[in-house]
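So the sequence shown is numbered by UniProt numbering: it starts at 1 and just counts up by one. We put the CB at the ideal spot given by N, CA and C, even for glycine. Source: prediction; values computed, not measured.
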Amino acid sequence: MELEFRHLRVVLALVDTGSLTGAAAQLGITQPAVSETLRRAERVAGGALFRRGAHGATPTPLGELVAAHARNVLDSLTRLKATGSALRLSCTPCTLQPHLVVLAAEALGTAADVRAAPARAAPVELVADGRAHAVLATDFPGHEHPELPGMRRTAVADEPLFVAVPEATAARGEIALADLADRTWAVTPAGDRRRAYLLDVLTRAGIRARVRTVDFGAAYGLVELGRVVLPVMPGARPRAGVALRPLAGAPLVVRTSLFWRADGPLRPGDVRRLRDRLADAQHTLVERTPLYRTWLTDHPDWETTPPA
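Now the structure itself:
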């Protein structure tokens, strides 16, 4: 359980009015409802938020801390609502994409319009020119998105890329990159950075690679037929006829990050809450993916969540 917006509104109303009666009048609810909400908030916070006395309610040190947090959060919510009916988020293809709508609403307290980033648009440019308030995007070592003026970035996850290979011929365990030297690799149309990164890694490994751009809908079918090898996120769902395998030494790495404008509607606290929710979702994804969970157990030094 955690502090909700209704808890924060009651705390601020008590600070502003100094009494349960005044808070109830300001919020348009009954005094017992204020008392019950305050009790719930104090249970979550872990201590008393106000001292009750003959002259009303005065905040404790913990109450002052929670009130300051509440004011920041509710101010951010007001600013977000003022920018339009929904927060505009964009996302490049990744396993966390389906979580964005729910998590943004939970973390920010406002509806979120989440759309896929156009295939030919640089994700950070969507934020820079105002088409999105924030974007969740992946990039790769040496092929990072540009740092545009006024932009901010916080990393959500660092993950190895696995490969999708035909199930009928897949060896068990990790596959060495050299064992795939004679194979054609595939990337999807939105994967320009992935293509350049993949070519760099294969070239450094001494592999003269063939990299083919394929439609996402056809990619797994081509894998099953043995025509291509497809780099995939480690939390990807298994498909019939296709096996997902880790690469020995984790030569392919992907970072998922949240980008936003420093002068936009999102404050650092908003971004921190959303980032933490996304990181939690990524941890849940690991637990639901036996292959990924086993790989992380075998690689205890790997940190999927970078420092904030």
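| query | result |
| --- | --- |
| Given Leu161, which residues of its chain have a CB within under 6 Å of its CB, disregarding the five upstream and five downstream residues? | Pro231, Leu252, Val254 |
| Residues in the same chain with beta-carbon distance under 8 Å from Leu74, minus the five sequence neighbours each way, listed in chain order, please. | Phe5, Leu8, Arg9, Leu12 |
| Which of the three DSSP states is assigned to His143 in this structure? | strand |
| Identify every residue that forms a DSSP beta bridge with Met151. | Arg261 |
| Give, in chain order, every unbroken run of the alpha helix (DSSP H) that is at least 4 residues long and sits entirely within the stretch 248 to 304. | 268 to 287, 290 to 298 |
| With DSSP as the reference, label Val163 as helix, strand or coil. | strand |
| Taking only three categories from DSSP, how would you classify Ser35? | helix |
| Closer than 6 Å by C-beta to Arg239: which residues in its own chain qualify, once you throw out the five before and the five after it? Chain order, please. | Tyr220 |
| Say whether the stretch 131 to 140 touches the stretch 90 to 101, bearing in mind that this needs 3 or more beta-carbon pairs closer than 8 Å, one atom from each stretch. | yes |
| According to the neighbour-count rule (16 or more other Cβ atoms, all chains shown, within 10 Å of its Cβ), is Asp270 buried or exposed? | buried |
| Tell me, please, which residues DSSP counts as bridged to Cys91. | Ala116, Leu136 |
| Name the one or two DSSP bridge partners that Ala157 has. | Thr256 |
| Can you list, in chain order, the residues of its chain with a C-beta nearer than 7 Å to that of Ala67? Leave out the 5 residues immediately preceding and following it. | Val11, Leu12, Val15, Pro59 |
| Express the C-alpha separation of Glu287 and Phe216 in angstroms, rounding to a whole number. | 26 Å |
| Using only the alpha-carbon positions, how far apart do Val156 and Ala181 sit? | 32 Å |
| Could you check if residue 313 is buried or exposed, using at least 16 other CB atoms within 10 Å of its CB as the buried criterion? | Absent from the model: residue 313. The displayed extent of the chain is 1 to 308, so no value can be given. |
| Give the secondary structure of Arg195 by DSSP, where H, G and I count as helix, E and B as strand, and everything else as coil. | helix |
| Mark Leu244 as exposed unless 16 or more other C-beta atoms lie within 10 angstroms of its C-beta, in which case mark it buried. | buried |
| Thinking C-beta only, is Ala122 closer than 8 Å to His143? | no |
| Hey, Trp185 and Arg210 are a contact pair by Cβ (cut 8 Å); roughly how many whole angstroms apart? | 7 Å |
| Would you mind reading off the limits of the alpha helix (DSSP H) that contains Thr58? | Where Thr58 is concerned, there is no enclosing alpha helix (DSSP H), although the beta strand (DSSP E) it sits in stretches over 56 to 59. |
| Out of Gly264, Leu87, Leu291, which has the shortest C-alpha to C-alpha gap to Ala164? | Leu291 |
| For the beta strand (DSSP E) holding Ala128, just list the boundary residues, first then last. | Unbroken run through Ala128 is the alpha helix (DSSP H), 123 to 128; no beta strand (DSSP E). |
| Could you say which of Thr92, Gly264, Pro246 lies nearest to Gly173 if we only look at CA atoms? | Pro246 |
| Specify, as a first and last residue, the run of the alpha helix (DSSP H) that Thr213 falls within. | No alpha helix (DSSP H) contains Thr213, which is instead part of the beta strand (DSSP E) from 210 to 213. |
| Let me check understanding here. Comparing Cα to Cα, which of Arg261, Gln31, Thr297, Phe50 lies closest to Leu89? | Arg261 |
| Is Ala107 near Arg277, with beta carbons less than 8 Å apart? | yes |
| Where does Arg9 sit, in a helix, a strand or coil, going by DSSP? | helix |
| What residue range is occupied by the uninterrupted beta strand (DSSP E) comprising Ala178? | Neither: Ala178 is in no beta strand (DSSP E) and is coded neither H nor E. |
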